[in-house]
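Protein chains in written order, with our numbering: chain P, 28 to 328; chain F, 28 to 328. See below for the structure under consideration.
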């Protein structure tokens with residue numbers, strides 16, 4: 028897809044953090060031409076984006092229309108506020124036909140908020156979630172290739188206009204991503220397992236070890252396994268407290284399962300059941316070796 | 028240190044897996060000269076080591092003496108069997124004065140076994156543990172630089188001869204490692220936290236997700252965060268079932284702490300307490316950012 032040149036067909040990115048900035052950087056590095064408009068509550072962020080050459084203009088345009096694409100790239104629980112603003116403004120951005128998408132890591136609450144705000148789900152609102160990220164945050168960490176060879180999940184619903192979905196899919200494909208559609212509830216359940224629970228465990232482990240009497244020795248003798256295991260504990264606390272608040276039921280359900288497994292492992296430990304432990308470890312190793320490549324850089328959701 | 032040349036001063040490596048093979052490869056790549064003798068229950072392993080140029084001879088030498096250094100590099104629970112053999116053989120290897128060390132990830136059971144077998148702790152037995160490894164195992168994964176810029180913990184006790192400890196420290200320093208002494212119980216407690224518990228969580232998470240109905244989608248949509256978090260779940264099940272069996276009390280104690288933290292996080296989740304979650308995540312992020320470097324390859328204990 029070639030986004031229309033300046034004048035019509037703007038790409039408005041609301042929230043210029045790691046994801047918003049990386050979308051802008053990716054568009055700049057691609058053969059897509061677009062006027063990139065940045066919106067952010069923090070003027071310093073827009074200054075930084077401008078200095079990085081990622082912005083053509085800033086602030087909500089007065090004259091958004093069907094040619095424009097709006098990407099909401101703010102933390103999960105702030106998406107509703109932006110949708111509300113888009114719905115309320117005199118111009119009625121969501122009513123004017125501009126395609127609007129988001130990048131929130133939990134989709135059900137975004138759809139529920141939009142329904143509550145607009146009274147129905149606007150046909151031009153396409154919920155999306157790029158499965159890419161970094162433990163680093165902010166526009167300073169933006170990378171134009173952040174989404175290359177990563178998946179982007181869209182969760183269109185019955186009301187979603189196919190043309191709007193296609194417009195959003197084209198943008199992500201233009202950034203090198205593979206676009207996959209998924210049901211909203213499946214998305215939130217699967218992400219609770221692959222992304223949210225690992226983050227919870229990493230935060231929990233680091234915080235637990237910070238409280239033990241030997242914590243200085245603990246961090247001094249942490250090796251590569253610990254470094255990789257806890258890398259995601261360096262992620263943005265605001266983004267992640269939003270995600271857990273938004274996806275609490277699905278995270279709670281998979282935490283139940285994990286705690287049952289830990290109880291099983293503990294009973295094997297206490298019984299000194301080496302064969303029982305080995306059976307579980309061998310099963311886990313076989314699963315991971317079969318399904319997870321060790322290749323690739325540090326990107327993550 | 029320069030190990031004495033062939034004839035006297037052999038380096039006997041018992042257990043030619045990742046660690047044993049990497050010690051041999053590191054000695055070959057260093058300015059240390061040594062006759063490397065390999066001992067392994069599996070003749071195919073010794074063949075592979077020979078083909079890699081890592082062996083000068085194989086099988087226990089008949090004439091071990093004070094100039095020789097024996098490295099026991101078998102899984103934790105097999106160390107005692109080797110010590111028993113060294114004590115029982117007619118030549119009395121542990122009695123003959125050869126320096127003997129091991130690389131087991133848990134130290135207390137090794138010392139207890141040695142005391143039980145020998146009636147006392149031999150002065151020439153130096154317990155050690157290189158904080159380096161890989162989720163790959165076997166001599167085929169051996170790397171001469173595996174220990175470079177890694178720490179090796181020695182846990183000498185009152186009975187340990189300082190000259191024997193120095194001999195072992197010299198070997199590790201010759202391989203580029205930093206040698207640190209630590210009390211036996213502190214070693215086992217700290218490693219339970221930095222290494223054993225993360226491995227338990229990684230094995231538990233992967234096995235848990237393998238059991239959910241959506242497991243295919245789960246592994247398909249796992250991204251870089253999941254890959255790094257679960258890398259250690261690809262570790263050797265035999266090695267790790269030994270470690271957990273040997274260090275069950277210390278692992279159980281830190282698992283208690285982690286489960287208490289998870290209970291706290293769960294109550295915040297259920298209460299929708301976003302600020303409470305953010306406080307914990309921010310504390311974990313600050314700790315990790317301060318203490319753990321993101322640099323370096325995939326090596327781990």
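Every residue, glycine too, gets a C-beta built ideally from N, C-alpha and C. It should be emphasised that the depicted structure is a prediction, and the values quoted were computed from it without experimental measurement.
Under 8 Å from the C-beta of residue 154 (chain P): neighbouring residues of chain F: The premise fails here: residue 154 (chain P) is roughly 16 Å from chain F at the closest Cβ pair, so nothing lies under 8 Å.
Whole-angstrom distance between residue 317 (chain P) and residue 109 (chain F), CA atom to CA atom: Note on geometry: alpha-carbon atoms of residue 109 (chain F) and residue 317 (chain P) lie some 34 Å from one another.
C-beta atoms of residue 37 (chain F) and residue 61 (chain F) nearer than 8 Å: By the CB criterion at 8 Å, residue 37 (chain F) and residue 61 (chain F) fall inside the cutoff.
Residues near residue 75 (chain F) in its chain [Cβ-Cβ closer than 6 Å; skip 5 each side]: For residue 75 (chain F), same chain residues with a beta-carbon under 6 Å away, outside a window of 5 residues either side, are 166 in chain order.
Residues from the region 288 to 303 of chain F in contact with chain P, defined by Cβ distance under 7 Å: Listed in chain order, the positions of the region 288 to 303 of chain F with a beta carbon within less than 7 Å of a beta carbon of chain P are 288, 289, 292, 293, 296, 297, 299, 301.
Rounded Cβ spacing between residue 100 (chain F) and residue 40 (chain F) (contact assumed at less than 8 Å): Going by Cβ atoms, the distance from residue 100 (chain F) to residue 40 (chain F) rounds to 6 Å, so yes, they are a contact pair.
Chain P contact for residue 316 (chain F) (CB, 8 Å cutoff): Output row for residue 316 (chain F): interface = yes.
Contact set for residue 141 (chain P): own chain, Cβ-Cβ below 8 Å, skip 5 residues either direction: Correct list, in chain order: 107, 110, 148, 149, 152.
Given 8 Å, three or more beta-carbon pairs between the region 172 to 181 of chain F and the region 200 to 213 of chain F: Flag = yes, the region 172 to 181 of chain F and the region 200 to 213 of chain F touch.
Cβ-based contacts, 8 Å cut-off: residues of the region 165 to 180 of chain F near chain P: Close to chain P, meaning a Cβ-Cβ distance shorter than 8 Å, are the following residues of the region 165 to 180 of chain F: 177, 178, 180.
Beta carbon proximity, residue 113 (chain P) to chain F, threshold 8 Å: It does not: the Cβ of residue 113 (chain P) has no partner Cβ on chain F nearer than 8 Å.
Residue-level contact to chain F via CB, residue 333 (chain P), 8 Å cutoff: Here chain P comprises residues numbered 28 to 328, so residue 333 (chain P) is not present and cannot be evaluated.
8 Å Cβ cutoff, residue 269 (chain P) in contact with chain F: Residue contact check for residue 269 (chain P) against chain F: a CB pair falls below 8 Å.
Coarse secondary structure for residue 128 (chain F), derived from DSSP in three states: Strand.
For residue 65 (chain P), the three-state DSSP class (helix, strand or coil): The answer is strand: DSSP assigns residue 65 (chain P) an E or B state.
Range covered by the alpha helix (DSSP H) that runs through residue 242 (chain F): Taken as a continuous stretch (DSSP letters only), the alpha helix (DSSP H) holding residue 242 (chain F) covers 242 to 247.
Whole-number beta carbon distance between residue 66 (chain P) and residue 86 (chain P), since they are thought to touch under 8 Å: Residue 86 (chain P) to residue 66 (chain P), Cβ: 6 Å. Contact.
Distance CB(residue 155 (chain P))-CB(residue 124 (chain P)) smaller than 8 Å: Result no, Cβ atoms of residue 155 (chain P) and residue 124 (chain P) do not sit closer than 8 Å.
Rounded C-alpha distance that separates residue 214 (chain F) from residue 228 (chain F): Residue 228 (chain F) has its alpha-carbon roughly 20 Å from the corresponding atom of residue 214 (chain F).
Pairwise C-alpha distance: residue 180 (chain P) and residue 113 (chain F): Looking at the two C-alpha atoms, the distance is approximately 60 Å.
Same chain, Cβ closer than 7 Å to residue 52 (chain F), neighbours up to 5 away in sequence not counted: Residues of the same chain with a CB within less than 7 Å of the CB of residue 52 (chain F), apart from the 5 flanking positions on each side, are 81, 169, 170, 171 in chain order.
Close beta carbons around residue 144 (chain P), own chain, < 8 Å, minus the five adjacent residues each side: Taken in chain order, the residues that qualify are 107, 110, 111, 114.
Residue 281 (chain P) in three-state terms, based on DSSP: In the structure shown, residue 281 (chain P) sits in a helix (DSSP, three-state: H, G or I).
Collapsed DSSP secondary structure at residue 101 (chain P) in the structure displayed: In the displayed model, residue 101 (chain P) falls within coil according to three-state DSSP, outside both helix and strand.
Neighbour list for residue 59 (chain P) in chain C, Cβ cutoff strictly below 7 Å: This model lacks chain C altogether, as its protein chains are P and F.
Local conformation of residue 42 (chain P) per DSSP, three classes: Here DSSP, grouped into helix, strand and coil, assigns residue 42 (chain P) to coil.
Start and end residues, alpha helix (DSSP H) containing residue 139 (chain P): Run containing residue 139 (chain P): 135 to 145, per the alpha helix (DSSP H) assignment.
Segment contact flag, the region 238 to 256 of chain P with the region 304 to 319 of chain F, C-beta cutoff 8 Å, min 3 pairs: Yes, the region 238 to 256 of chain P is in contact with the region 304 to 319 of chain F.
Endpoints, alpha helix (DSSP H) assigned at residue 218 (chain F): 211 to 218 is the span of the alpha helix (DSSP H), which, as asked, contains residue 218 (chain F).
Rounded distance between the beta-carbons of residue 250 (chain P) and residue 158 (chain F), thought under 8 Å: Yes, they are in contact, since the Cβ atoms of residue 158 (chain F) and residue 250 (chain P) sit about 5 Å apart, within 8 Å.
Residue 201 (chain P) - containing alpha helix (DSSP H), residue span: Residue 201 (chain P): member of the alpha helix (DSSP H) spanning 189 to 201, first to last residue.
Local conformation of residue 169 (chain P) per DSSP, three classes: Note: residue 169 (chain P) maps to coil in three-state DSSP.
Residue 235 (chain P) vs residue 253 (chain F) beta-carbon contact at 8 Å: Taking C-beta atoms as the reference points, residue 235 (chain P) and residue 253 (chain F) fail to come closer than 8 Å.
Close-in-space but distant-in-sequence residues of the same chain around residue 118 (chain F) (CB under 8 Å, 5 per side omitted): Residue confidence is low: residue 118 (chain F) scores 48 on pLDDT, short of 50, so the model does not pin down where it sits. Its coordinate-derived value is still stated next. Excluding residues within five positions, the ones whose Cβ falls inside 8 Å are 89, 90, 91.
Residue range of the unbroken beta strand (DSSP E) whose run includes residue 208 (chain P): That run of the beta strand (DSSP E) goes 205 to 208.
Euclidean distance between Cα positions of residue 263 (chain P) and residue 226 (chain F): CA-to-CA, the gap between residue 263 (chain P) and residue 226 (chain F) works out to about 24 Å.
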